[in-house]
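Reading through the structure tokens given below for one structure.
Number of protein chains: 2
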Amino acid sequence: MAIHKKEEFSTTEQALAAFAKAISHPARIAILGVLAQRNQCICGEIVDVMPLSQSTVSQHLKELKNAGLINGETDGPRSCYCINWEAFEKFNVDFNSLFQQLREVNAKCC
Amino acid sequence: MAIHKKEEFSTTEQALAAFAKAISHPARIAILGVLAQRNQCICGEIVDVMPLSQSTVSQHLKELKNAGLINGETDGPRSCYCINWEAFEKFNVDFNSLFQQLREVNAKCC
DNA sequence: TCCTTTCATCGTATATTTGCGATAAGCAAT
DNA sequence: ATTGCTTATCGCAAATATACGATGAAAGGA
Numbered sequence: 001m002a003i004h005k006k007e008e009f010s011t012t013e014q015a016l017a018a019f020a021k022a023i024s025h026p027a028r029i030a031i032l033g034v035l036a037q038r039n040q041c042i043c044g045e046i047v048d049v050m051p052l053s054q055s056t057v058s059q060h061l062k063e064l065k066n067a068g069l070i071n072g073e074t075d076g077p078r079s080c081y082c083i084n085w086e087a088f089e090k091f092n093v094d095f096n097s098l099f100q101q102l103r104e105v106n107a108k109c110c
Numbered sequence: 111m112a113i114h115k116k117e118e119f120s121t122t123e124q125a126l127a128a129f130a131k132a133i134s135h136p137a138r139i140a141i142l143g144v145l146a147q148r149n150q151c152i153c154g155e156i157v158d159v160m161p162l163s164q165s166t167v168s169q170h171l172k173e174l175k176n177a178g179l180i181n182g183e184t185d186g187p188r189s190c191y192c193i194n195w196e197a198f199e200k201f202n203v204d205f206n207s208l209f210q211q212l213r214e215v216n217a218k219c220c
């Protein structure tokens, strides 16, 4: 394809898409579920409950952190992660402002 | 990587991830925005307001349809598409059941 | 000092996504 | 029948994503 055209869309569209991409893999959904249940936890606990290798889990954590969905700080030899709830709130607001306003107005059309 | 491990996660996690993947591209967010504004419209109208070729738009529409986010029926030489609001409602429910329950319980941790 | 534990990163292999031009398929009107 | 319009699909090229083993890095304890 040579050239990606993502930058030709609005910043809101790009931000929504970036958030969605961050949660577009079951492993990352599962990681977020674990973090939501325990409020926070270290990397090793996540690896234990996941059918993936340590390096793969670490990569998924990195992507979630890059997307701003989780916070993390390395604490000696351990790394502690937790969910960034503000980011989820922002996603909900943007998502709803795009779609929810029209939700009951529209009947099925085709 | 050789083997994908998506099937090792729960069906809810897979469904959420599949929905997120469908909206993980700005072009598809933009297409959904156009459909939400006009309630329904034909493929050509979408191509007109999009910085992408007809074949690329058609491919994005196909992915949205495969994911169940839009309905479409070909109507003579035209194709009419509209948003499947039930799918969005289901996504909202699943998404909130995963995360919203804990939203105000948790303070920032790290 | 050396070992152990914990986690991140590098390198690599494979799969999937993205994008477009070209072509086909379907229908309406001439 | 032929032409024109609209949309889907095919085939290709390039970029990204997914996954893992191996290797580093950082800190604590023997």
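Chains X and H, in that order, give the protein sequences. Residues 1 to 110 in our numbering are what the first sequence lists, from first letter to last. Residues 111 to 220 in our numbering are what the second sequence lists, from first letter to last. Ideal Cβ positions, reconstructed from N, Cα and C, are used throughout, including at glycine. Owing to the predicted nature of the structure, the values given are computational and were not obtained by experimental measurement.
Exposure of residue i, with buried meaning 16 or more beta-carbon neighbours within 10 Å
{"i": "methionine 111/H", "result": "Here the model assigns methionine 111/H a pLDDT of 49, short of 50, so the residue's position is not dependable, and the following value carries that caveat. Its Cβ having fewer than 16 others within 10 Å, methionine 111/H is exposed."}
{"i": "asparagine 39/X", "result": "exposed"}
{"i": "asparagine 66/X", "result": "exposed"}
{"i": "serine 134/H", "result": "buried"}
{"i": "glycine 76/X", "result": "exposed"}
{"i": "arginine 78/X", "result": "exposed"}
{"i": "valine 93/X", "result": "exposed"}
{"i": "glutamate 183/H", "result": "exposed"}
{"i": "histidine 114/H", "result": "exposed"}
Bridge partner(s) assigned by DSSP for residue i
{"i": "serine 165/H", "result": "Bridge partners of serine 165/H: none, in fact."}
{"i": "isoleucine 193/H", "result": "Ile180/H"}
{"i": "arginine 188/H", "result": "Asp185/H"}
{"i": "glutamine 150/H", "result": "Cys192/H"}
N- and C-terminal bounds of the alpha helix (DSSP H) containing residue i
{"i": "isoleucine 46/X", "result": "43 to 48"}
{"i": "glutamate 13/X", "result": "11 to 22"}
Contacts of residue i in chain H (Cβ-Cβ under 8 Å)
{"i": "isoleucine 23/X", "result": "Leu126, Ala127, Ala130"}
{"i": "glycine 33/X", "result": "Glu123, Leu208"}
DSSP three-state assignment for residue i, whether helix, strand or coil
{"i": "lysine 5/X", "result": "coil"}
{"i": "histidine 60/X", "result": "helix"}
Contact list for residue i against chain X, beta-carbon separation under 7 Å
{"i": "lysine 200/H", "result": "Ordered by position in chain X, no residue passes the 7 Å Cβ test against lysine 200/H, which lies about 13 Å from the chain."}
Chain H residues whose Cβ lies nearer than 7 Å to that of residue i
{"i": "proline 26/X", "result": "Lys116, Phe119, Glu123, Gln124, Ala127"}
{"i": "isoleucine 29/X", "result": "Glu123, Leu126, Ala127"}
Contact list for residue i against chain X, beta-carbon separation under 8 Å
{"i": "leucine 162/H", "result": "Lys5"}
{"i": "alanine 197/H", "result": "The contacting residues do not exist; alanine 197/H stays about 11 Å from chain X at best."}
Chain X contact residues for residue i, given Cβ-Cβ distances below 9 Å
{"i": "alanine 177/H", "result": "In chain order: nothing, as chain X lies at least about 11 Å away."}
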